[in-house]
Amino acid sequence: MNALQALAVVLPLVYAAAAASFALGRDERARWALRVALCLHALDFVVRAVKVGHFPVTDLWTTVSASAFATAALWALVARNAEHTGSGGLVLGLVGALQLVASSSVPLTPLPRAGGMGPLQITHVATSCVALAALFLSGLHGVLWLTLFRSIRARRFSPFLERLPNLDTLAKMTRRAALLGFLGLTVGLNVGIGLAHAESSPRFTYRHPEVLLSLALWAHFGVVAFSQKIPGLGARRASWAAAFGLAAALLSLVLVMLPHSFHGAA
Amino acid sequence: MDARLTVILVGISHRTAPIALRERYVVSVADLPATLGSLRALEGVEECFVLSTCNRTEVLLVGPRGRDLVSAARAQLFRNLEASSTYSFEDVPAIIHAFRVAGGLDSVVLGESEVLAQIKRGVEAAACAGTLGPVLRPLLQQALHVGKRVRAETQIGQGSLSVAKIGVDLAARIFGTFEDERALVVGAGETGLLVAQHLRDRQIGQLTLANRTPERAVEAAHALGADACGLDVLAERIARADLVVACVEAGSPPIEARHFDRRAVSRRDKPLLVLDLSVPRAVAADVARVSPNILVYDLDDLQRIVRENERGRSEAVDGTTAILVAEIHKYLTSRTYSAFTPVIADLRRRFEEIRESTLDAHAGARSDPREVQLAHELTKRLLDAALEQMKAGARSVRSEEALQIEYRRFLDNL
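Note that the protein sequences, when read in sequence, are chains A and B. So for the first sequence, the numbering used here puts the first residue at 268; every next one is plus one. So for the second sequence, the numbering used here puts the first residue at 48; every next one is plus one.
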């Protein structure tokens, strides 16, 4: 078994251990598990980068893995900022599931990409992964806000909801994650458009569904991020928006990875 | 206590009726004397006591055994209410229930201490109305003692839970911390002040007390470092609040949908939480329909939350059983013993008569002082021996073991 094979097996398990510890309220143990998972994940990318000789995120499954990594890292940042780890069980559980899918599909003997990857391409891919992770986090916290709100309205409190942060904190986490996603998309989109022009990609147009959807997502999450400043757009509406944005972000990822995508042709 | 008399308890509580029913049968402090008077006027009723809280309205009666005082009390206090919505107990079960209520074991919030103050107020009202007697007075005194003991000696009293605290805890699920929040407490009564104190303890950003009589609000607000206002500016104050808590007494004007600006509420960033801790309810039902951003909770809703949070408290409840059984046994013993009081007085009189007549027959006026002293000592010792026998008899009327079984049976039937 080589290092990549071992990491492919270990990574989902460590994320799952962190998720279980957060869910059980053993925060100190969970933090250690998360640190270990992030270090091992970073090591996985380093090993891949050494093997291919360039930035290792080149296909659907490494993108999924990178997004899982970014989601876990951003969640740690947002949770630290909000001083609440109540959503850790759910978020890291989903990260573990994503990584499990990625680990079972990602090539264990990665092949280098023809022409390698330049700094602009690396910036585009990295910021897009960060943006996708942030949008995922924002949408997830939006869903949690709506779930908790509905349960409060219905006077139902389960042990799972008991562990969640309060509505105010969830709203803050939704908006902060959306802001990170908005910033990531701002950089990723601009660099990507610049790259498409520079490479004269034959399929790239501003009317292409991928571009339109990405621009719509950028505007959408900008609105979510600054919703507190927008009259009439309270936490409830912002959470609905973030939840819909999550669905759109996932659709965007699927479009990017389809064979007729200009990303594929690029 | 006269053996022909018995204690009867009739009531309605959160266990048997929703707040929509309970609020119709609340007896306000102002109405207590009249209610006590009308109960005392019932044929056969020798003593009576009324307890009316946000969780219950119940009456303790003393009357002759075999007379249907339950129906009479129901007809008097719970007119037009189905019998299934009320409960009634006689003799030992009535005492068990009264002690459990005082111990906060029958409260929505297990171990809450407000009920003790409410019992004290009820006792004062009944004493003023002259409806307490040799049965209920010691019974209620012992109930208050039980309430204090249960809270002091078990974990029930830990954390000093109350409906007010549960309400504030619910608000914390929405707001987290209260530093940036603005609260409006409507009603400057006991519960209102308790809520205000809890909010102040949690560093609420801005606190306003609204009351029907603004002077009372100003006085209470001054002590809490809060703002005060009358109910005439309610809509204006609600518009500025993140949390509205209604703790008003019967007769106050209700909080209605017209007090809420639909557009402003819908545009709020955070939901507006409205807690109604009043009985009868003070927040109109249509308030919740003004906007999805308004969350309205009444006492029954808080009760559901409390029930879900009560896991793990059963050990603390178990710890109260021994105290309750011991106190009920002590009360029944003293009750039985007090029934002997006329017999004891008679016995003492007869012993003294026999002593004096014997001394007279023996030596007349020329009695030796040492013989007189000896006769007195002998009489006293014989009387003490007889009283000891009576006390032992009173204690053995119901053993603690038998009471424990009766108590368990009572709990099983709840």
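C-beta atoms are modelled at their ideal positions from N, C-alpha and C, and glycine is treated no differently.
What would DSSP say about residue i, mapped onto helix, strand or coil?
| i | result |
| --- | --- |
| L348 of chain A | First, the amino acid is wrong: residue 348 of chain A is Asn here, not Leu. Of the three classes helix, strand and coil, the one that applies to N348 of chain A here is helix, per DSSP. |
| T63 of chain B | coil |
| L522 of chain A | helix |
| S207 of chain B | Below a pLDDT of 50, predicted positions are generally treated as unreliable, and S207 of chain B, at 49, falls in that range; the measurement from the model is reported next regardless. Here S207 of chain B sits in coil by DSSP. |
| L342 of chain B | strand |
| N258 of chain B | strand |
| Q123 of chain B | helix |
| P111 of chain B | strand |
| C175 of chain B | helix |
| T201 of chain B | coil |
| C95 of chain B | strand |
| T376 of chain A | coil |
| D415 of chain B | coil |
| G277 of chain B | strand |
| F222 of chain B | helix |
| A331 of chain B | coil |
| Y454 of chain B | helix |
| L456 of chain A | helix |
| D323 of chain B | strand |
| S494 of chain A | helix |
| T100 of chain B | coil |
With 16 other CB atoms within 10 Å as the buried threshold, where does residue i fall?
| i | result |
| --- | --- |
| G84 of chain B | exposed |
| E105 of chain B | buried |
| C276 of chain B | buried |
| A532 of chain A | In this predicted model, A532 of chain A has a pLDDT of only 44, less than 50, meaning its place in the structure is not dependable enough to derive any value. |
| T472 of chain A | exposed |
| L379 of chain B | buried |
| C306 of chain A | exposed |
| A145 of chain B | buried |
| S404 of chain B | exposed |
| Q165 of chain B | buried |
| H40 of chain B | As shown, chain B starts at 48 and ends at 461. That puts residue 40 of chain B outside it, with no answer to give. |
| D78 of chain B | exposed |
| A398 of chain A | buried |
| I66 of chain B | buried |
Note down the Cα distance separating residue i from residue j, rounded to an integer number of angstroms.
| i | j | result |
| --- | --- | --- |
| P534 of chain A | L415 of chain A | Nothing can be reported for residue 534 of chain A, as the shown portion of chain A is limited to 268 through 533. |
| S131 of chain B | G360 of chain A | 49 Å |
| E453 of chain B | G177 of chain B | 32 Å |
| R168 of chain B | L186 of chain B | 15 Å |
| D348 of chain B | V155 of chain B | 11 Å |
| G464 of chain A | K317 of chain B | Going by the sequence as given, residue 464 of chain A is His instead of Gly. If you take the alpha carbons of H464 of chain A and K317 of chain B, they lie about 44 Å apart. |
| D115 of chain B | A410 of chain B | 59 Å |
| V54 of chain B | A332 of chain B | 39 Å |
| M440 of chain A | Q451 of chain B | 54 Å |
| R287 of chain B | V210 of chain B | 24 Å |
| L421 of chain B | D415 of chain B | 10 Å |
| Q350 of chain B | A339 of chain A | 38 Å |
| I419 of chain A | E296 of chain B | 27 Å |
| A392 of chain B | A268 of chain B | 58 Å |
| V170 of chain B | C95 of chain B | 10 Å |
| V390 of chain B | R112 of chain B | 22 Å |
| P476 of chain A | H391 of chain A | 18 Å |
| V280 of chain B | A243 of chain B | 19 Å |
| G440 of chain B | G110 of chain B | 25 Å |
| L484 of chain A | L518 of chain A | 11 Å |
| V518 of chain B | F387 of chain B | Only positions 48 to 461 of chain B appear in the structure, and residue 518 of chain B is not among them; the question remains open. |
| S506 of chain A | S372 of chain A | 33 Å |
Discussion item. Counting beta carbon pairs with one atom in the stretch 251–261 of chain B and one in the stretch 227–238 of chain B, are three or more of them shorter than 8 Å?
Written reply: yes
Margin query: Tell me whether the stretch 440–454 of chain A and the stretch 396–405 of chain A touch, counting them as touching only if at least three CB pairs, one residue from each stretch, are closer than 8 Å.
Written below: yes
Q) Does the stretch 424–433 of chain A come within contact of the stretch 352–366 of chain A, defined as at least 3 CB pairs closer than 8 Å? A) yes
Quiz item: Taking contact to mean at least 3 C-beta pairs separated by less than 8 Å, is the stretch 332–340 of chain A in contact with the stretch 362–369 of chain A?
Solution: yes
Using Cβ-Cβ distances below 7 Å, what residues of the stretch 223–246 of chain B are close to chain A? G223
With 8 Å as the limit, tell me which residues of the stretch 313–347 of chain B have their beta carbon closer than that to any beta carbon of chain A; keep them in chain order.
S313, R314, R315, D316, K317, P318, P339, N340, L342 and Y344
| Does the stretch 379–388 of chain A come close enough to the stretch 291–299 of chain A that 3 or more CB-CB pairs lie under 8 Å? | no
Is it a yes or a no for the stretch 210–219 of chain B touching the stretch 108–128 of chain B, going by three-plus beta-carbon pairs under 8 Å?
no
| Sufficient close CB pairs (3 or more, under 8 Å) joining the stretch 367–382 of chain B to the stretch 187–206 of chain B | yes
With three or more beta-carbon pairs closer than 8 Å as the criterion, would you say the stretch 65–76 of chain B touches the stretch 326–340 of chain B? yes
Original post:
Which residues, in order along the stretch 433–451 of chain A, keep a beta-carbon less than 7 Å from a beta-carbon of chain B?
Top reply: N433, L434, D435 and T436
Looking at chain B, which residues of the stretch 498–509 of chain A have a Cβ within less than 7 Å of any of its Cβ atoms?
P498, G499, G501, A502 and R503
Check whether the stretch 321–331 of chain A touches the stretch 372–384 of chain A, counting contact only when three or more Cβ pairs, one atom from each stretch, lie closer than 8 Å.
-> yes
Chain-ordered residues of the stretch 404–425 of chain A with a beta carbon less than 9 Å from chain B = L415, F416, I419, R420, R422, R423, F424 and S425
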